[in-house]
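Only one structure is covered here, and it is reproduced in the block below.
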Amino acid sequence: MSVEKFDAIVIGAGMSGNAAAYTMASRGMKVLQLERGEYPGSKNVQGAIMYADMLEKIIPDFREDAPLERHPVEQRFWMMDDTSHTGMHYRSDDFNEAKPNRYTIIRAQFDKWFSRKVREAGATVLCETTVTELAHDTKGKVIGVRTDRAGDVIFADVVVLAEGVNGLLGTRAGLREMPKPETVALAVKEMHFLPEEVIGERFGLKGNEGCVIEAAGTISRGMTGLAFLYTNRESISLGIGCLVSDFASTTESPYALLEAFKRHPSVRPLIAGSEVKEYAAHLIPEGGYKAIPQLFGDGWLVVGDAAQLNNAVHREGSNLAMTSGRIAGEAIFQVNSRRDPMTKENLALYKTMLDNSFVVKDLMKYKDMPALLHTNSCNFFMTYPQLISQAAQNFLRVDGTPKIEKEKATTAAFIKARSRWGIVSDVVRLAFAWR
Ligand SMILES: Cc1cc2nc3c(=O)[nH]c(=O)nc-3n(C[C@H](O)[C@H](O)[C@H](O)COP(=O)(O)OP(=O)(O)OC[C@H]3O[C@@H](n4cnc5c(N)ncnc54)[C@H](O)[C@@H]3O)c2cc1C
Numbered sequence: 299m300s301v302e303k304f305d306a307i308v309i310g311a312g313m314s315g316n317a318a319a320y321t322m323a324s325r326g327m328k329v330l331q332l333e334r335g336e337y338p339g340s341k342n343v344q345g346a347i348m349y350a351d352m353l354e355k356i357i358p359d360f361r362e363d364a365p366l367e368r369h370p371v372e373q374r375f376w377m378m379d380d381t382s383h384t385g386m387h388y389r390s391d392d393f394n395e396a397k398p399n400r401y402t403i404i405r406a407q408f409d410k411w412f413s414r415k416v417r418e419a420g421a422t423v424l425c426e427t428t429v430t431e432l433a434h435d436t437k438g439k440v441i442g443v444r445t446d447r448a449g450d451v452i453f454a455d456v457v458v459l460a461e462g463v464n465g466l467l468g469t470r471a472g473l474r475e476m477p478k479p480e481t482v483a484l485a486v487k488e489m490h491f492l493p494e495e496v497i498g499e500r501f502g503l504k505g506n507e508g509c510v511i512e513a514a515g516t517i518s519r520g521m522t523g524l525a526f527l528y529t530n531r532e533s534i535s536l537g538i539g540c541l542v543s544d545f546a547s548t549t550e551s552p553y554a555l556l557e558a559f560k561r562h563p564s565v566r567p568l569i570a571g572s573e574v575k576e577y578a579a580h581l582i583p584e585g586g587y588k589a590i591p592q593l594f595g596d597g598w599l600v601v602g603d604a605a606q607l608n609n610a611v612h613r614e615g616s617n618l619a620m621t622s623g624r625i626a627g628e629a630i631f632q633v634n635s636r637r638d639p640m641t642k643e644n645l646a647l648y649k650t651m652l653d654n655s656f657v658v659k660d661l662m663k664y665k666d667m668p669a670l671l672h673t674n675s676c677n678f679f680m681t682y683p684q685l686i687s688q689a690a691q692n693f694l695r696v697d698g699t700p701k702i703e704k705e706k707a708t709t710a711a712f713i714k715a716r717s718r719w720g721i722v723s724d725v726v727r728l729a730f731a732w733r
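Rendered as structure tokens:
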């Protein structure tokens, strides 16, 4: 009796898994994709900004039928204290281009659409199927998977692990270590529904224009973290995330932080009268370049969040996931086309291609940033936001105090809080980590 064998098995139908499965199936490979969720996207959480260029490289005409919400024309970055925010603000009509660069999306809808494309490209997609184990031959090469459905091993030449940040399969199989608490953030998110025209009025948007707000400061209670607010067509996504290690060393809870963010005087009017219909919690890999595990081996590759490919500085994850998935698919296709075996040596092509892409180049650029922010979180997320807010208020409040005295008071407040040496050292370390 012959046993069915696939060219490739992809574990997971998120951004990276769909990109890998589509890339291989559309090139004629025999692909099986397994997803534990009831449908693709049912388990997945994102803000969510999706970056068009990376999807265009996989499905060039995606704008024809992908479920896209709004294209951001405005980005605000807020440094918050408990009652105020100091902001940077960029808005440009250039973002109203024929093919916008970014869109907000709702993952449950988007992943379903992406998965339909994967199926149309010829892959077999099985949902409600959890891969429980990788199967190995006697030499340790991955040769397939076992699932929670009845039956034996499902065989394939290569297995792509696109199982997301937890990556339990890879960890259990000894292919990578469990992510450390200081390299993953726990994020919570809510969807607030409002009529389309109310969102347009509140944020000054017309048509499908969107607005992005990202915020740091005392809202994370001195922990390394960030809050966000994104406009969808008829809803607003907002959330906050902080490092797991920081949560572990405080009594703060993610939902208490989210409640405080929603109650903040800068946020409350934006969501007033909205109806909350969904909430979710999820991990985000934030260890950067130094947290990237072994990416390939005999018969396997790892992509997306499972490979810790996430740029926390720019809040980009889905684009790194799609790109690593696509590159994995292209590397596998090249090895397959040469009829070479899927050995560690041949699959090293994936890493070479990934190293040459923006994915690894960007993570390498910020390689020192996660540790710097983590070890100085109280200064960067508490002390400086408070000082900057006080300085702004001092500057703007006209109360008869001579300006020179106001400037002296602001300088003295900074020196008292951090000392001259402390400030110089923070600026230098930040500049080095950013370079
Ligand atoms: C709150 C939040 C906000 C974010 N905002 C943004 C943003 O605005 N922009 C951005 O670019 N990125 C954002 N990200 C990051 C982005 O969501 C991730 O980088 C991206 O989803 C990673 O895709 P992935 O395919 O690697 O993993 P996932 O999307 O997590 O997909 C993994 C899939 O594998 C499945 N799976 C897991 N184990 C098994 C198994 N054993 N068997 C079968 N299936 C399995 C899961 O069900 C899931 O469908 C955000 C993340 C969070 C949590």
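In this note's numbering, the protein residues as written are 299 to 733. Beta carbons: idealized from backbone N, C-alpha and C, even for Gly.
Start and end of the alpha helix (DSSP H) containing residue i?
i    : result
V329 : Run containing V329: none in the alpha helix (DSSP H); it sits in the beta strand (DSSP E), V329 to L332.
L467 : L466 to R470
E367 : First-last for E367: undefined, no H or E at that position.
T709 : K701 to R716
L652 : K642 to D653
D379 : Here D379 belongs to no alpha helix (DSSP H), and DSSP marks it neither H nor E.
F656 : F656 to K663
P668 : M667 to T673
Is residue i helix, strand or coil by DSSP?
i    : result
S572 : coil
M299 : With a pLDDT of 47 at M299, under the threshold of 50, the modelled position of this residue cannot be trusted; read the value that follows with caution. Three-state result, M299: coil.
L607 : coil
M620 : helix
A388 : According to the sequence displayed, residue 388 carries Tyr and not Ala. Strand at Y388.
Y401 : strand
H434 : strand
G586 : helix
C425 : coil
S687 : helix
E614 : strand
R733 : coil
A396 : coil
G498 : helix
A578 : strand
A448 : coil
G742 : Residue 742 lies beyond the stretch modelled for the chain, which goes from 299 to 733, so this question has no answer here.
G698 : coil
G627 : helix
A306 : strand
R727 : helix
Between which two residues does the beta strand (DSSP E) containing residue i stretch?
i    : result
G442 : V440 to T445
G523 : G523 to T529
F491 : V482 to F491
E507 : E507 to G515
L503 : That residue, L503, is in no beta strand (DSSP E); it is neither H nor E in DSSP.
F453 : I452 to L459
V600 : W598 to V600
S564 : No beta strand (DSSP E) holds S564; DSSP gives it neither H nor E.
L541 : S533 to L541
Under 8 Å between the Cβ atoms of residue i and residue j?
i    : j    : result
L330 : A454 : yes
I497 : T529 : yes
K410 : G335 : no
A323 : A419 : yes
E507 : F526 : no
I582 : A485 : yes
I686 : T384 : yes
M651 : I630 : no
T422 : D446 : no
L593 : V657 : no
P683 : M378 : yes
Y349 : S616 : yes
E584 : T481 : yes
M620 : I356 : yes
A346 : G627 : no
Would you say residue i faces chain C, with C-beta separation under 8 Å as the test?
i    : result
E507 : The structure shown contains no chain C; it is built from a single protein chain.
**Item:** Residue ranges of each alpha helix (DSSP H) within the stretch 308 to 365, 4 or longer
**Value:** 313 to 323 and 350 to 354
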